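The structure under discussion appears below in the form of C-alpha cells.
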Amino acid sequence: MHTNTEVEFKTLLTKEEYERLLEKFKGNRSDYQTNHYFDTPRFSLKALDASLRVRERDELEMTLKRKKGYSIQETTIPIDQDAFSEIKATGIAPESEIRTELAALIGNQKLVNFLSLSTLRMYMPFKTGVLFIDKSDYLGMTDYELEYEAKTYSGGKKEFIQIISELEIQYKKSDKKIKRAYNAFKRLS
Numbered sequence: 002m003h004t005n006t007e008v009e010f011k012t013l014l015t016k017e018e019y020e021r022l023l024e025k026f027k028g029n030r031s032d033y034q035t036n037h038y039f040d041t042p043r044f045s046l047k048a049l050d051a052s053l054r055v056r057e058r059d060e061l062e063m064t065l066k067r068k069k070g071y072s073i074q075e076t077t078i079p080i081d082q083d084a085f086s087e088i089k090a091t092g093i094a095p096e097s098e099i100r101t102e103l104a105a106l107i108g109n110q111k112l113v114n115f116l117s118l119s120t121l122r123m124y125m126p127f128k129t130g131v132l133f134i135d136k137s138d139y140l141g142m143t144d145y146e147l148e149y150e151a152k153t154y155s156g157g158k159k160e161f162i163q164i165i166s167e168l169e170i171q172y173k174k175s176d177k178k179i180k181r182a183y184n185a186f187k188r189l190s
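Below, the structure written as C-alpha cells:
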C-alpha cells in the first residue's frame with residue numbers, strides 16, 4: 002500500500018497548444034493508461050469529495066482519493082486481474098486498507114464501474130515538480146490538459162504561473178479528469 006498527498010495545478014489546453022507542447026518536449030517519457038472509475042449508484046463517493054479508480058497500465062492498481070484542503074490524499078494498492086474482475090462483478094473492493102476506508106465512507110453500498118477514461122500522458126521532471134501533458138478520451142470526447150504536480154501549494158502555484166507564462170499557454174480552468182468525465186456522463190444520461 003502506498004499513501005501520499007498531492008498538490009496539483011492544471012489548465013485545459015487547446016488541441017494546438019497540446020500539439021505544440023508535444024513537439025517541444027518530444028523524447029520525454031510517455032505512457033497510455035485507462036482509468037476505470039467506480040462509485041455507488043447514487044454517487045456517494047462523489048458527494049464526499051472522494052473517488053475510486055482502477056488504473057490499467059502494464060499492471061493494475063486501485064486508488065482511493067480524498068480531498069483534504071488544497072491537497073488530495075491518495076491510497077494506492079496493486080491488484081491483479083482477478084480482483085479487478087471481482088470488483089466489477091460483485092461491487093465489493095478487495096480486502097485492503099482501501100476497503101476499510103470505503104466502509105467508513107459508504108458503508109456496505111455496492112460499487113459500479115460507471116465509466117472508463119483513457120489517457121496518453123507525457124511526463125517529465127520540471128522545475129521542482131513534475132509536468133504532465135495529457136490527451137484524454139472518454140464517452141466519445143477528447144480533451145487536452147497540462148498538469149503540474151508540486152511539493153507545496155504556495156511554491157507550486159508560483160511555479161505553475163511561471164510555467165504557463167513561459168510556455169505561452171492561456172490558462173483555462175480545468176476540473177479533475179473524473180469531474181469532467183462525470184459531467185459528460187450526466188449530460189449523456
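Using the working numbering, read the sequence shown as starting at 2 and increasing by one per residue.
For every residue, glycine included, the Cβ atom is placed at its ideal position computed from N, Cα and C.
Computed from a prediction, not measured in an experiment: that's the story for all the values here.
Given residue i as reference, the closest of the options once Cα atoms are compared
i: residue 135; options: 124, 128, 141 and 142; result: 124
i: residue 63; options: 87, 52 and 79; result: 79
i: residue 130; options: 153, 121, 75 and 138; result: 153
i: residue 108; options: 172, 99, 116 and 115; result: 99
i: residue 21; options: 169, 176 and 187; result: 169
i: residue 114; options: 176, 33 and 44; result: 44
i: residue 84; options: 50, 31 and 56; result: 56
i: residue 65; options: 71, 94 and 86; result: 94
i: residue 97; options: 86, 82 and 77; result: 77
i: residue 88; options: 71, 72 and 110; result: 110
i: residue 72; options: 189, 19, 81 and 157; result: 157
i: residue 67; options: 86, 177 and 189; result: 177
C-beta atoms of residue i and residue j nearer than 8 Å
i: residue 41; j: residue 119; result: no
i: residue 52; j: residue 46; result: yes
i: residue 102; j: residue 14; result: no
i: residue 112; j: residue 92; result: yes
i: residue 104; j: residue 139; result: no
i: residue 179; j: residue 12; result: no
i: residue 58; j: residue 32; result: yes
i: residue 185; j: residue 142; result: yes
Simplified DSSP state of residue i, which is helix, strand or coil
i: residue 43; result: coil
i: residue 188; result: helix
i: residue 136; result: strand
i: residue 176; result: coil
i: residue 156; result: helix
i: residue 119; result: strand
i: residue 182; result: helix
i: residue 147; result: strand
i: residue 170; result: coil
i: residue 93; result: coil
i: residue 101; result: helix
Whole-Å CB distance - residue i paired with residue j, under 8 Å assumed
i: residue 10; j: residue 161; result: 4 Å
i: residue 116; j: residue 172; result: The pair is not a contact, with the Cβ atoms about 27 Å apart (cut-off 8 Å).
i: residue 127; j: residue 148; result: Residue 127 to residue 148, Cβ: 11 Å. No contact.
i: residue 7; j: residue 75; result: 6 Å
i: residue 106; j: residue 23; result: Wrong, their Cβ atoms sit about 38 Å apart, outside the cutoff.
i: residue 137; j: residue 144; result: 5 Å
Residue i CB to nearest heavy atom of the ligand NAD below 7 Å
i: residue 53; result: Inclusion of the ligand NAD in the displayed structure is not the case, the ligand content being empty and no account of it being possible.
Within the stretch 8–75, ranges of the alpha helix (DSSP H) (whole runs, at least 4 residues) = 16–25 and 45–48
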